[in-house]
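Let me begin by presenting the structure, written as structure tokens, before commenting on it.
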Amino acid sequence: MFRFKLPSGVALLLALVLPSCAAFRPVPRHLHQQSTADTRQFMFFAEEAPEGSLSIDIVASGDDEESINQAAKFLINSFWLDARHLVTTGDDDDSAVVVSDNARQSLYERQASDLFDNYGERMGKTILDSAVIKAVDSKNPDEIVGLVCVSSLLFDGKTETLLSLQESEELLKAAVATLGPKDRRRYKDASAEDIATGLLGNDMEAVCCISNLAVSPRARRTGVAARLCDEAERVASVEWGYEVMFLKVEADNTAARNLYEQKLQYSVKCNEIAATALRVDLENGQFVETEADTLILMKDI
């Protein structure tokens, strides 16, 4: 298992010329705003078109602090701040997103904390798998041009909801903790699938989910998003042994749905009306909750 950390989009706008920022450390969990980890984990915004001439390599990102910080900066710059509809301030949909250095740094730190909670280096044994996969320029391997997160988690078939990675881990551990000593030993090294099947009933299923798919402006329309998703599916299937991949996407996100449903052959599993979604508060450098109709897509892998 390899690890690479979130709680979906339309065609993205032109890139910003972004200032360099000093290295930072993830902020403590208590600074999170309104369940951002649970929601952001499943959001998607991506654009895809036929293969181009950009030479890229698809590699596993590290779970160390530096790698997590680099991934967080990429997501903020190429994902959250590169789509006008994701921000809560500003009236002109055609104008560039303007954000202060302080607000940008705050967003970096909040995103890094979220990623670190779910995909960072962990102490002790974990039941669920998680990884960050990145696309880098072959000529400049330090430059990230695309990113996707993948993790195993639980799908509640009764309520048709995907639990967050942290919620899933807690539920699986709690189920084992209720057993007597003999049965606990039996599940000591069990997979999430075995625990879910044996202890959580027929409605709870262990699946994999891709999230946080983002591509830099200069790498769009080159097939990068599809290659990242293909690698995430390979990791989930070959390395982790899962048979189904899930993802969440906002229902009116035509560009992303074209990629997932037409090119990558995902199908609609269920939908959620007025689901929780995240937007960026530029003035305060925070993620805030809103509502958006959302689809859960799935694919056999």
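In the numbering used here, the protein residues as written are 1232 to 1532.
Every residue gets a Cβ at the ideal spot worked out from N, C-alpha and C, and that includes glycine.
query = Is Lys-1413 helix, strand or coil when you go by DSSP?
reply = Start at 1 with the first residue of the sequence shown, and residue 1413 comes out as number 182. Three-state DSSP puts Lys-1413 in a helix.
query = Is Val-1376 closer than 7 Å to Asp-1368 when the C-beta atoms are compared?
reply = Along the sequence shown, read from residue 1 onward, the residue named residue 1368 stands at position 137. Along the sequence shown, read from residue 1 onward, the residue named residue 1376 stands at position 145. Yes, these two residues count as a Cβ contact at 7 Å.
query = Which stretch, first to last residue, makes up the beta strand (DSSP E) that contains Ile-1532?
reply = Position 301 of the sequence shown holds residue 1532. First-last for Ile-1532: undefined, no H or E at that position.
ask   = Residue range of the beta strand (DSSP E) that Asp-1461 falls in?
value = Walking along the sequence shown from the start, residue 1461 turns up at place 230. Run containing Asp-1461: none in the beta strand (DSSP E); it sits in the alpha helix (DSSP H), 1455 to 1465.
ask   = Does the distance from the CB of Val-1330 to the CB of Leu-1509 come in under 7 Å?
value = In the sequence shown, residue 1330 corresponds to position 99, counting from 1. In the sequence shown, residue 1509 corresponds to position 278, counting from 1. Val-1330 places its beta carbon 7 Å or farther from that of Leu-1509.
query = If you compare alpha carbons, which of Lys-1530, Arg-1335, Val-1381 and Glu-1374 is closest to Gly-1351?
reply = Residue 1351 sits at position 120 when you count from the first residue of the sequence shown. Of the candidates Lys-1530, Arg-1335, Val-1381 and Glu-1374, the residue whose Cα lies closest to the Cα of Gly-1351 is Val-1381.
ask   = Going straight from the alpha carbon of Val-1499 to that of Lys-1389, what length do you get?
value = Here residue 1499 is taken as the residue at index 268 of the sequence shown, counted from 1. Here residue 1389 is taken as the residue at index 158 of the sequence shown, counted from 1. Answer to the nearest angstrom: the Cα atoms are 16 Å apart.
task = Answer yes or no: the CB of Ala-1366 versus the heavy atoms of the ligand FMN, is any distance below 6 Å?
result = No copy of the ligand FMN appears in this structure; indeed no ligand is present at all.
message = For Gln-1496, tell me which candidate among Ser-1309, Asp-1461 and Gly-1293 has the shortest Cα-Cα distance.
response = Position 265 of the sequence shown, counted from the first residue, corresponds to residue 1496. The residue from Ser-1309, Asp-1461 and Gly-1293 with its alpha-carbon nearest to that of Gln-1496 is Asp-1461.
query = To the nearest whole angstrom, what separates the beta carbons of Val-1480 and Val-1318, a pair I think is in contact under 8 Å?
reply = The residue labelled residue 1480 in the question sits at position 249 within the sequence shown. The residue labelled residue 1318 in the question sits at position 87 within the sequence shown. Actually they do not touch by this definition, with Cβ atoms about 19 Å apart.
key: C-beta atoms of Glu-1424 and Ala-1406 nearer than 7 Å   = Within the sequence shown, numbered from 1, the residue matching residue 1424 stands at position 193. Within the sequence shown, numbered from 1, the residue matching residue 1406 stands at position 175. Against a cut-off of 7 Å, the Cβ pair of Ala-1406 and Glu-1424 comes out as no contact.
Cβ-based burial, Gly-1589 [other Cβ within 10 Å; buried from 16] = Given a span of 1232 to 1532 for the chain in the structure shown, any question on residue 1589 remains unanswerable.
query = Cβ atoms of Ile-1532 and Ser-1442: under 7 Å apart, would you say?
reply = As a first step, residue 1442 is located in the sequence shown; it is residue number 211 there, counting from the start. As a first step, residue 1532 is located in the sequence shown; it is residue number 301 there, counting from the start. In this structure, Ser-1442 sits away from Ile-1532, with a CB-CB distance that is not shorter than 7 Å.
query = Does the beta-carbon of Thr-1525 have 16 or more other beta-carbons within 10 angstroms, so that it is buried, or is it exposed?
reply = For the purposes of this step, residue 1525 is identified with residue 294 of the sequence shown, where counting begins at 1. It counts as buried.
query = Cα-Cα, which of Ala-1463, Val-1446, Glu-1464 and Ala-1334 is closest to Ala-1456?
reply = Start at 1 with the first residue of the sequence shown, and residue 1456 comes out as number 225. Check the Cα spacing between Ala-1456 and each of Ala-1463, Val-1446, Glu-1464 and Ala-1334: the tightest is with Val-1446.
request  = Provide the residue span of the alpha helix (DSSP H) that contains Ser-1539, from first to last.
outcome  = Outside the shown range of the chain, which is 1232 to 1532, sits residue 1539, and nothing can be said about it.
ask   = When DSSP labels each residue in this structure, what does Gly-1429 get in the three-state scheme?
value = As a working mapping, residue 1429 is identified with position 198 in the sequence shown. DSSP places Gly-1429 in helix when its eight states are reduced to three.
query = So what does Leu-1384 bridge to, in DSSP terms?
reply = For the purposes of this step, residue 1384 is taken as residue 153 along the sequence shown, with counting starting at 1. Answer is Val-1438.
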